[in-house]
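Here the structure is laid out as C-alpha cells; the discussion comes afterwards.
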Amino acid sequence: MSAVTMPRVHDPYPTRLGHAVAPIPRSEPTVWGGPHDGPLSAATLDAYAQAGYMIRPGTLGANWLPPLRQELERIGAELDRDDPRVIHEPGGSIRSVFEPHLISDLVAEVVGLETVIPIARQILGSEVYIHQARINFMPGFTGTGFYWHSDFETWHAEDGMPAMRAVSCSIALTDNFPYNGPLMVMPGSHQVFYPCVGATPDDHHTSSLVRQETGVPDQDTLTKAAAEYGIDQLTGAAGTAIWFDSNLLHGSGSNITPLPRSNIFLVFNSTENALADPFAAARPRPEYLAARSAEPFGLHPPAVR
Ligand code: 6CS
Ligand code: FE
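Here's what the structure looks like:
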C-alpha cells in the first residue's frame, strides 16, 4: 500500500477559513460527570452547564497567597529573558509564564488541591491532565488585555484538540475589581462554535500570545453574540477561582490602574480527548503551550524518597 495521507473524514468545527461560515451549534455536553462524581451538586453543575462558567471563592485559602506571590516573583526573576515560555508585554514587562507547574513544586501543589482537581474530573467525567498552564501577570498601568476569543477555537485549530471536553480554571492571586482588567465572558456562548476567517500564519503562537488577531470572530459576529448572550464581568477576591468552558467567548480590557492582576491559569483536558494533528495549522504548537501526552494527573503519586 502506498503511504498516502488520508483526508480527515469530517471536522465538526471548521475554522481559519477563506470565507465566512455560519455559527455551528455545539455537538457535545458541557458537563460530562454527574453529582456523584465529585464535590459539585446537581444544581451547581446545571448552572455551570447553562452559563459556561462558575465562580468559586476560597479555592486558595489566605495562607496560600503570600508564598505563591513570592514564588511568582521568583519564577519571573529567575527565567531567562529569551526563554520561550516567558511572554512579554509590548512594553517589556512579563505578561505570562507557561508551564509554571513544571517549574515550581508549589504551583504543582495547587493543581492537586481538593478544591481544584476533583472539580475538573467531575466536569469532564473522566481522568484529566494539564493541557496548558500559565501564570498571567497583568501589571498595573501597562497591562494589556486579551481580545474576544474562544480558547477551543485555538486548541482545535492549532493543537488538534478534537472535542469541547476541556475546562479552564483561573485562580486569582490578586483582587479582581471591575476597573483592573478583569475577565469578561458572554454567558451561554459556549453552546455555539464560531468559525473564524483567516488562515493560521506560520509561527502564529509567537504573536498571538501578546495580541491575538487570527482565530477571533469578526465584529459583526461579536455584536450579535453580545446582543444574544450579554456580557458578565467576573470580579472577586484573591483566592477565587473562575472555571469556564473551553468554548466560552471571553476577553479582557487593559489595566491602567495601579493595581496589578495576576492569576494561575490551569487548563484541564479529558484523557479521553487527547490531541490529534492540528485541524487548521501546518504544525502543532510547542509542548509548553499544548501538552501532547495525555497521562492522567495525580494517579501515580511520586515515589517516597
Ligand atoms: O493560545 C492559547 O492557547 C490561548 N491564548 C490565547 C491568546 N488565545 C487562545 C487561547 O486562549
Ligand atoms: Fe482565553
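Here the sequence shown is numbered in this note's numbering, starting from 1103 and rising by one per residue.
No residue lacks a Cβ here, since even glycine has one placed at the ideal position from N, Cα and C.
Keep in mind the model is a prediction, meaning the values are calculated, not measured.
- Should residue 1185 be counted as a contact of ligand 1 given a C-beta to heavy atom distance under 8 Å? no
- Item | residue 1383 in three-state terms, based on DSSP | coil
- Under a Cβ-count criterion, where at least 16 other Cβ atoms within 10 Å of its own Cβ denotes burial, should residue 1318 be classed as buried or exposed? buried
- Query: Ends of the alpha helix (DSSP H) at residue 1178?
  - Reply: 1167-1180
- Message: In whole angstroms, give me the CA-to-CA distance for residue 1196 and residue 1121.
- Response: 36 Å
- Message: Considering only their Cβ atoms, is the gap separating residue 1167 from residue 1209 smaller than 9 Å?
- Response: no
- Message: For a test of your reading of the model: does the CB of residue 1224 fall under 8 Å from any non-hydrogen atom of ligand 1? Yes or no.
- Response: no
- Go ahead and pull the three-state DSSP assignment for residue 1294. strand
- What does a CB cutoff of less than 7 Å around residue 1203 pick up in its chain, not counting 5 residues either side in sequence? 1209, 1210, 1213, 1232 and 1235
- Query: Using the C-alpha atoms, what's the distance from residue 1254 back to residue 1125?
  - Reply: 14 Å
- Task: Say whether the segment 1269-1281 touches the segment 1380-1388, bearing in mind that this needs 3 or more beta-carbon pairs closer than 8 Å, one atom from each stretch.
- Result: no
- Query: Rounded to a whole number of angstroms, what is the C-alpha to C-alpha distance between residue 1360 and residue 1354?
  - Reply: 17 Å
- Please confirm whether any heavy atom of ligand 1 lies closer than 8 Å to the CB of residue 1258. no
- Task: List the endpoints of the continuous beta strand (DSSP E) containing residue 1250.
- Result: 1248-1251
- Task: Can you give me the Cβ contacts of residue 1399 inside the same chain, cut-off strictly under 7 Å, excluding the 5 residues immediately before and after it?
- Result: 1213, 1219, 1230, 1231 and 1232
- Name the DSSP bridge partner or partners of residue 1156? 1345
- Bounding residues of the beta strand (DSSP E) (the contiguous stretch that carries residue 1363): 1363-1372
- Can residue 1132 and residue 1189 be called in contact, C-beta distance under 9 Å? no
- Flag this pair as touching only if the segment 1318-1337 and the segment 1274-1291 have three or more C-beta atom pairs under 8 Å; answer yes or no. yes
- Query: In the structure shown, what three-state DSSP assignment does residue 1304 receive?
  - Reply: coil
- May I have the straight-line CA-CA distance separating residue 1112 from residue 1243, to the nearest angstrom? 46 Å
- Coil, strand or helix - residue 1360 by DSSP: coil
- Where does residue 1340 land, buried or exposed, given buried means 16+ other C-beta within 10 angstroms? buried
- Item | Integer Cβ distance of residue 1364 from residue 1174, believed to fall under 8 Å | 6 Å
- Task: Flag residue 1366 as yes if its beta-carbon sits less than 9 Å from any beta-carbon of chain C, otherwise no.
- Result: The displayed structure is made up of one protein chain only, and chain C is not part of it.
- Message: Measuring straight from C-alpha to C-alpha, what distance separates residue 1370 and residue 1261?
- Response: 14 Å
- Cβ-based burial, residue 1273 [other Cβ within 10 Å; buried from 16]: buried
- Item | Where residue 1232 falls: helix, strand or coil (DSSP) | strand
- Message: Can you tell me whether residue 1127 is buried or exposed? The criterion is at least 16 other CB atoms within 10 Å of its CB, across all chains shown.
- Response: exposed
- Message: Out of 1293, 1328 and 1216, which one is the CA nearest neighbour of residue 1140?
- Response: 1216
- List the DSSP bridge partners of residue 1163. Per DSSP, none; premise fails for residue 1163.
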